[in-house]
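Residues -17 to 106 (the numbering used here) make up the sequence shown, in order.
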Amino acid sequence: MKLISRTFHAWLDYMACAVLLAAPWAFKFSDSEAAMAVAVGAGSMIFFVSVMTRYEGGVFRMIPMSMHLTLDVLLGIFLIASPWLFAFHEKVKWPHLLFGVIAILAGLMTVRKSTNEASAVENI
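Here it is in structure tokens:
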């Protein structure tokens, strides 16, 4: 069941981007280079993909929504694994786990086709 609209997903993307970019200082783990790099890298990736996606929040609209949602799920898996992959799990892990779960859920629960795309298919 797809519960998240594409418009809400776009809003969620930009909010997640902002929070992830600020997370090292907001959650006080800026002294952990690996944890900070993962959070800032993930936030930057979300911004880049969002700006490039063909959806309501996109600017350049080059990436299909299906690819965007697949990248969300893959990023979520990476964020969940990153505290152990980069050995910072003893210092900080909860922000990465939380955003990983959110990314996976958003990727799986968002409507793939816009209302216009769905209408065009029905009219064929």
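Even for Gly, the Cβ is constructed at its ideal location relative to N, Cα and C. Note that the structure is a prediction, hence the values are computed from the model and not measured.
Straight-line gap, G39 to K95 (C-alpha atoms, nearest Å): 14 Å
So, does the segment -2 to 12 touch the segment 35 to 53, judging by three or more C-beta pairs under 8 Å? no
Cβ pair V22, H78 closer than 8 Å: no
If you check the beta carbons only, do V55 and I84 fall under 8 Å apart? no
With a threshold of 16 other CB atoms inside 10 Å of the CB of F11, please say whether the residue is buried or exposed. Counting C-beta atoms within 10 angstroms of its own C-beta, F11 has 16 or more neighbours from the protein chains shown and is therefore classed as buried.
Proximity to R(-12) [Cα-Cα], best of A4, W7, S32, I62: Among A4, W7, S32, I62, the Cα nearest to that of R(-12) belongs to S32.
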